Amino acid sequence: MITAFQRKFDLWMCQVKQDNLAHFPVCQSFSASFPGSFSCAQLATKLSRLMNEFDRRFCDFRAQQSGFAIFANPFTADVSTAPQHLQMELIELQSARCLRAKFQDAAIQDFYRLLPPDLMPQLRLHAARVLSMFGSTYLCEQMFSMMNLNKNKDRSRITDDNLHAVLRIASAQDLKPDIDTLATGKRCQTSGLKTHSYIWSFEGNHYADVALCENEFDTPDLE
-19 MITAFQRKFD
-9 LWMCQVKQDN
1 LAHFPVCQSF
11 SASFPGSFSC
21 AQLATKLSRL
31 MNEFDRRFCD
41 FRAQQSGFAI
51 FANPFTADVS
61 TAPQHLQMEL
71 IELQSARCLR
81 AKFQDAAIQD
91 FYRLLPPDLM
101 PQLRLHAARV
111 LSMFGSTYLC
121 EQMFSMMNLN
131 KNKDRSRITD
141 DNLHAVLRIA
151 SAQDLKPDID
161 TLATGKRCQT
171 SGLKTHSYIW
181 SFEGNHYADV
191 ALCENEFDTP
201 DLE
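So for the sequence shown, this note's numbering puts the first residue at -19; every next one is plus one.
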């Protein structure tokens, strides 16, 4: 997708410099309605700035382009230009017909799980790095969004410790409290002294002493 967008930039720049606004219908309509009022040179300047900014932000992807190509299709990768620690395993992989058939049938993330870990550990590690690259970036962006949502102008007095606790709970995907363990670790506060109380029954005009009750918490009800 990034490569396709860069190629579109190149095409736009080439056409705009030739006063061709075929891919900018609004600008083309404005230029036709008001001849001479629209400057293609200014549009080319803005596109050039946008292209430079795009290249600056995605310069790391250009450095990793060969690694992405190996990950996308290791069977068509050029072994001579591949990193040295992957060359021997790439030869083994490209020579395995059964793995080539599995590559055509399985999803790319599932295919690398099928590689034998004892024979192709470097290829498996390379695939894991590429797969985790975009997922970790998404998690970082998601964490920053949670932080901005919780620490806004209305909650400016929240401390870093409180924010850390909030983010830890918010980022937990499957957080289930262990109620039994928490309850076991708690001790009820008691006086440590036994209370003595009598259970009485009403007989006629006087109370009869029935039994002496000893317990730590409850006192008997009078009937």
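Just so you know, even glycine gets a beta-carbon here, dropped at the ideal spot from N, CA and C. Since this is a predicted model, take the numbers as computed values, not measurements.
Next on the checklist: Which same chain residues end up closer than 6 angstroms to Cys20 when comparing Cβ atoms and leaving out the 5 residues on each side of it in sequence?
Outcome noted: Taking the first residue of the sequence shown as 1, we reach residue 20 at position 40. Exclusion of the five residues before and after Cys20 leaves Val(-4), Asp(-1) as the residues of its chain whose Cβ lies within less than 6 angstroms of its Cβ.
Next on the checklist: Using 8 angstroms as the cut-off, can you tell me whether the region 44 to 62 makes contact with the region 104 to 118, which would need three or more C-beta pairs spanning the two stretches below that distance?
Outcome noted: When C-beta atoms of the region 44 to 62 are compared with those of the region 104 to 118, three or more pairs fall below 8 angstroms, so the two segments count as touching.
Item to check | Nearest-angstrom Cβ-Cβ length linking Asn130 and Leu143, presumed shorter than 8 angstroms | outcome: Taking the first residue of the sequence shown as position 1, residue 130 is located at position 150. Taking the first residue of the sequence shown as position 1, residue 143 is located at position 163. The beta-carbon separation of Asn130 and Leu143, rounded to 6 angstroms, stays under the 8 angstroms limit for a contact.
Checklist entry - Between His3 and Phe41, what straight-line distance do the alpha-carbon atoms span, to the nearest angstrom? => result The residue you call residue 3 lines up with position 23 of the sequence shown. The residue you call residue 41 lines up with position 61 of the sequence shown. Between the alpha carbons of His3 and Phe41 lies a gap of roughly 27 angstroms.
Checklist entry - Taking Cβ to Cβ, would you say Leu73 is nearer than 8 angstroms to Leu79? => result For the purposes of this step, residue 73 is identified with residue 93 of the sequence shown, where counting begins at 1. For the purposes of this step, residue 79 is identified with residue 99 of the sequence shown, where counting begins at 1. Against a cut-off of 8 angstroms, the Cβ pair of Leu79 and Leu73 comes out as a contact.
Next on the checklist: Here's a check: name, in chain order, each residue in its chain whose Cβ is nearer than 6 angstroms to the Cβ of Glu33, leaving out the five neighbours to either side.
Outcome noted: Against the sequence shown, residue 33 aligns to sequence position 53. Answer for Glu33: no residue qualifies.
Checklist entry - What separation, rounded to the nearest whole angstrom, lies between the Cα atoms of Ile(-18) and Ser28? => result Numbered from its first residue, the sequence shown carries residue -18 at position 2. Numbered from its first residue, the sequence shown carries residue 28 at position 48. Inter-residue distance for Ile(-18) and Ser28 is about 17 angstroms (C-alpha atoms, whole angstroms).
Checklist entry - Taking just the CA atoms, how far does Thr164 sit from Arg36? => result Taking the sequence shown and counting its residues from 1, the one referred to as residue 36 is at position 56. Taking the sequence shown and counting its residues from 1, the one referred to as residue 164 is at position 184. A straight-line Cα-Cα distance of about 57 angstroms links Arg36 and Thr164.
Checklist entry - To which residues of the same chain is Leu(-9) closer than 8 angstroms at the C-beta, ignoring the five residues directly before and after it? => result In the sequence shown, the residue the question calls residue -9 occupies position 11. Here Leu(-9) has His3 as same chain residues with Cβ atoms under 8 angstroms from its own Cβ, once five neighbours each way along the sequence are excluded.
Item to check | Where Asn195 sits in the DSSP three-state scheme | outcome: For the purposes of this step, residue 195 is taken as residue 215 along the sequence shown, with counting starting at 1. Residue confidence is low: Asn195 scores 44 on pLDDT, short of 50, so the model does not pin down where it sits. No coordinate-derived value is stated.
Next on the checklist: By the three-class DSSP mapping on this structure, what secondary structure does Asn53 have?
Outcome noted: Within the sequence shown, residue 53 is the residue found at index 73, counting from 1. Under the three-state reduction of DSSP, Asn53 is assigned to coil, being neither helix nor strand.
Checklist entry - From which residue to which residue does the alpha helix (DSSP H) around Asp(-10) run? => result Counting from one through the sequence shown, the residue named residue -10 turns up at place 10. Start and end: -18 to -3.
Checklist entry - To the nearest whole angstrom, what separates the beta carbons of Met126 and Ala150, a pair I think is in contact under 8 angstroms? => result Numbered from 1 along the sequence shown, position 146 holds the residue referred to as residue 126. Numbered from 1 along the sequence shown, position 170 holds the residue referred to as residue 150. Cβ atoms of Met126 and Ala150 come within 8 angstroms of each other, at about 5 angstroms.
Checklist entry - Are Leu111 and Gln89 touching if we call contact CB-CB under 8 angstroms? => result Locating residue 111 in the sequence shown gives position 131, counting from the first residue. Locating residue 89 in the sequence shown gives position 109, counting from the first residue. Yes. Within cutoff.
Checklist entry - How many angstroms separate the CA atom of Phe10 from the CA atom of Met113? => result Along the sequence shown, read from residue 1 onward, the residue named residue 10 stands at position 30. Along the sequence shown, read from residue 1 onward, the residue named residue 113 stands at position 133. Rounded to the nearest whole angstrom, the C-alpha separation of Phe10 and Met113 is 43 angstroms.
Next on the checklist: The alpha helix (DSSP H) that contains Asp85, what's its start and end?
Outcome noted: Walking along the sequence shown from the start, residue 85 turns up at place 105. Boundaries of the alpha helix (DSSP H) harbouring Asp85: 77 to 85, taken from the DSSP string.
Item to check | Extent of the continuous alpha helix (DSSP H) run through Lys156 | outcome: What you label residue 156 is simply residue 176 of the sequence shown in a count that begins at 1. For Lys156, no alpha helix (DSSP H) encloses it, and the DSSP letter there is neither H nor E.
Checklist entry - Would a C-beta distance cut-off of 8 angstroms place Cys(-6) and Leu1 closer than the cut-off? => result Start at 1 with the first residue of the sequence shown, and residue -6 comes out as number 14. Start at 1 with the first residue of the sequence shown, and residue 1 comes out as number 21. Contact flag unset, no.
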